[in-house]
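Numbering of the sequence shown is given in my numbering, commencing with residue 644 and proceeding in unit increments. Note that the Cβ used here is the ideal one computed from N, Cα and C, for glycine as well.
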Amino acid sequence: ANSLKIHPRNFIVDKDYLVAWIKEVINYLEGIDIAHIDSVGDPTTYPDLIPLIKEIKKLKIKTISMVTNGILLNNIKGLKEAGLDKINISIHTLNKEKGKILFGKDSYDVEKVIENIKELLKNKLEVWLTPVYIQNFNEADIEDLIELSKELKCNIGIQKYEFHKYGRKMKTKEETYYSFYKKINEWENKYNLKLGFKAKDIEVKKTKKLPQKFKLNEKINIEIKAKGWMPNQMIGTARNRAITILDCNKPVNSTVKAKIIQMKNNIYVAK
644 ANSLKIHPRN FIVDKDYLVA WIKEVINYLE GIDIAHIDSV GDPTTYPDLI
694 PLIKEIKKLK IKTISMVTNG ILLNNIKGLK EAGLDKINIS IHTLNKEKGK
744 ILFGKDSYDV EKVIENIKEL LKNKLEVWLT PVYIQNFNEA DIEDLIELSK
794 ELKCNIGIQK YEFHKYGRKM KTKEETYYSF YKKINEWENK YNLKLGFKAK
844 DIEVKKTKKL PQKFKLNEKI NIEIKAKGWM PNQMIGTARN RAITILDCNK
894 PVNSTVKAKI IQMKNNIYVA K
């Protein structure tokens, strides 16, 4: 799901490992009944996706949602029966050639995605179209998608394009939030449709944080477990937490001393 030129290391996380940590988080936070499935690639490439959804549903989870580009939805009935409730489709244009550019794949087939959206609705899943609005590139395409959502009677939530350090860059300036919401309001008035959403509208809940295991700038011993996702990175463990180690090519099973340089949202990075 990711270019080997950019990400030389790809791996599949064990289903039981994922479920064990989901249980850990649910037990600590208490009262959480929503789970969202996402990944650095597309979740539909995960071979144990349906068994994973089944296991999550057993944990008294009310709503399971997932994001996908919609291409590999080959077993929609199976996803529904496993317990999937909601699905967000990353679709940014109805134009075939633009779609290939935006997804970076000549094999991207927007007509196949639309067929899958119709099948999702037929199987009574809650569907959200979640296009990214890229100023001066796909403005007309967003309007096409708004029309499609009205035609199919599914939801649509428009996202703002954000530059990402490791993401693909579009030849455009990053839009201000003021300009973005001004455009959203313009479309809402034109189509008589709600397009701007707050956290509560999409079931995002604020919770307490998991306990932090380290302090910023703390130097710790880390056991190397695997190569990292990016070049010159390794993944290690300490105090029952995974840590990405930058500028490191130490062998697996060795130990390295490194300093914690980032720990926002319990995502630990050391160097």
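Thinking C-beta only, is Ile-886 closer than 7 Å to Asp-865? The amino acid occupying residue 865 in the given sequence is Ile; Asp does not appear at that position. Yes.
Glu-861 - DSSP class collapsed to helix/strand/coil: coil
Report the rounded CA-to-CA distance for Ala-644 versus Phe-746, giving the unit in angstroms. At Ala-644, the pLDDT of 47 sits below 50, so the modelled position is not reliable; the number obtained from the coordinates is stated separately. When rounded, the distance between both Cα atoms is 11 Å.
Which of helix, strand or coil DSSP assigns to Ile-732: strand
Bridge partner(s) assigned by DSSP for Thr-898: Glu-866
Buried/exposed call for Phe-806, threshold 16 Cβ in 10 Å: exposed
Could you please give the first and the last residue of the uninterrupted alpha helix (DSSP H) stretch that includes Val-662? 658-672
Thinking C-alpha only, which one of Leu-672, Tyr-834, Leu-661, Lys-793 is nearest Asp-681? Leu-661
Please check if any C-beta of chain B sits within less than 7 Å of the C-beta of Gly-839. Among the chains of the structure shown, chain B does not appear; only one protein chain is present.
Can you name, in chain order, every residue of its own chain whose Cβ lies under 8 Å from the Cβ of Lys-658, other than the five neighbours on each side? Asp-691, Pro-694, Leu-695, Glu-698
Using CA coordinates, which residue listed in Asn-909, Asp-890, Glu-829 is at the minimum distance from Lys-900? Asp-890
Span of the alpha helix (DSSP H) holding Tyr-824? 820-834
What is the DSSP secondary structure of Gly-879, reduced to helix, strand or coil? strand
As assigned by DSSP and simplified to three states, the class of Glu-769: strand
Excluding five sequence neighbours on each side, which residues of the same chain lie with their C-beta closer than 7 Å to the C-beta of Val-770? Ile-730, Ile-732, Ile-760, Leu-763, Leu-764, Cys-797, Asn-798
Which residues DSSP lists as bridging Thr-887, in chain order: Ile-878, Val-912
Does the separation of the CB atoms of Gly-882 and Tyr-911 fall below 7 Å? Here residue 882 is Arg; the residue named in the question, Gly, does not match the sequence. Their beta carbons are not under 7 Å apart, which means Arg-882 does not touch Tyr-911 by this criterion.
List the endpoints of the continuous alpha helix (DSSP H) containing Ser-792. 782-795
Would you report the Cα separation of Ile-719 and Glu-754, rounded to the nearest angstrom? 17 Å
Can you have a look at Thr-850 and say buried or exposed, based on whether 16 or more other CB atoms are within 10 angstroms of its CB? exposed
Closest to Met-906 by CA distance: which of Lys-858, Ile-878, Lys-862, Lys-666 is it? Lys-858
Can you give the Cα-Cα distance for Ala-842 and Leu-727, rounded to whole angstroms? 20 Å
Distance, Cα to Cα, Asp-676 vs Glu-818? 34 Å
How far does the beta strand (DSSP E) with Ile-744 in it extend, from its first residue to its last? Unbroken run through Ile-744 is the alpha helix (DSSP H), 739-746; no beta strand (DSSP E).
Taking the alpha carbon of Gly-839 as the reference point, which residue from Lys-833, Ile-845, Gly-742, Gly-800 has its own alpha carbon closest? Gly-800
In terms of alpha-carbon separation, which member of Ala-663, Ile-669, Phe-654 lies closest to Lys-852? Ile-669
Buried or exposed for Tyr-751, going by 16 or more other Cβ atoms inside 10 Å? buried
Restricting to Cα atoms, I'd like to know which of Ser-897, Lys-856, Val-847 is closest to Ile-707. Val-847
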